[in-house]
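All letters in the sequence shown, in the order written, are residues 9 to 192 by this note's numbering.
C-beta atoms are modelled at their ideal positions from N, C-alpha and C, and glycine is treated no differently.
These notes concern the structure reproduced below.
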Amino acid sequence: MIKERADAARNRGKVLAAAAELFAAQNPSSVTMESIARAAGVGRGTLYRRYPDVASIAVALLDEHEKALQHDLLQGPPPLGPGAPPRERLAAFYTAMVELLDKHAHLALHAETGARRYATGAYGFWRAHVLALLREADVSDPDALADILLAPLASDVFSHQRERGVSTARLTAALTGLTRVLDR
Numbered sequence: 009m010i011k012e013r014a015d016a017a018r019n020r021g022k023v024l025a026a027a028a029e030l031f032a033a034q035n036p037s038s039v040t041m042e043s044i045a046r047a048a049g050v051g052r053g054t055l056y057r058r059y060p061d062v063a064s065i066a067v068a069l070l071d072e073h074e075k076a077l078q079h080d081l082l083q084g085p086p087p088l089g090p091g092a093p094p095r096e097r098l099a100a101f102y103t104a105m106v107e108l109l110d111k112h113a114h115l116a117l118h119a120e121t122g123a124r125r126y127a128t129g130a131y132g133f134w135r136a137h138v139l140a141l142l143r144e145a146d147v148s149d150p151d152a153l154a155d156i157l158l159a160p161l162a163s164d165v166f167s168h169q170r171e172r173g174v175s176t177a178r179l180t181a182a183l184t185g186l187t188r189v190l191d192r
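The following block contains the structure:
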């Protein structure tokens, strides 16, 4: 692994901090590479050297929050972590994802919209997790069902529902209802 130069690490930190502030303070779709470079106090070349576009910066910001959830899915206590039945784990996963999206939808909207959602490492991880739960529950055609169960967690769907006034409690309850597919 190549060690990051000190100045590159400093610039990365400035870029991510500035971008986080901009994403939180304004409509995420109005954040530009120019506004991030200006707020971070770095040149556009420095910015583009590491990040090809605003979405890649949003992915980097979202990544730390997603990694924490991934850790809990792999090593945390049940029902989110190993040791609980698949249905309980799926319900706990839905609850955790609603919490993550409620805090960071502004980033997810920029990082994971449309086909870009399926290309992120996080989506691959979420899909592998749901697929493992479906297989453990011996559900028919788990490969097809995994994406279907993840579809309601798309950031644009989540944001649309929240804009319509659907509370996170209602969303969690509705998603938990989907776990009935794991009943045998």
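Rounded straight-line distance, which links the Cα of residue j to that of residue i
i: R170; j: I10; result: 42 Å
i: Y56; j: T40; result: 12 Å
i: L117; j: L70; result: 10 Å
i: K111; j: V147; result: 32 Å
i: R46; j: G53; result: 12 Å
i: T187; j: P150; result: 13 Å
i: A16; j: L161; result: 34 Å
i: A159; j: R18; result: 37 Å
Residue nearest to residue i in terms of C-alpha spacing, selected from the options
i: R202; options: A154, W134 and F133; result: Since the first residue of the chain shown is 9 and the last is 192, residue 202 is not available in this structure.
i: E42; options: Q34, A33, V62 and P36; result: V62
i: V193; options: L139, T176, H168 and D164; result: Residue 193 falls outside the range modelled here, since the chain spans only 9 to 192, and no answer is possible.
Residue-level contact to chain E via CB, residue i, 8 Å cutoff
i: L88; result: In the displayed structure, chain E is absent; only one protein chain is listed.
Residue i vs residue j beta-carbon contact at 8 Å
i: A119; j: A66; result: yes
i: A113; j: S163; result: yes
i: T184; j: Y102; result: yes
i: A100; j: L88; result: yes
Collapsed DSSP secondary structure at residue i in the structure displayed
i: D110; result: helix
i: V165; result: helix
i: T184; result: helix
Residue ranges of each alpha helix (DSSP H) run of no fewer than 4 residues wholly in the region 31-87, ordered along the chain?
The region 31-87 contains these whole alpha helix (DSSP H) runs: 41-48, 52-58 and 62-83.
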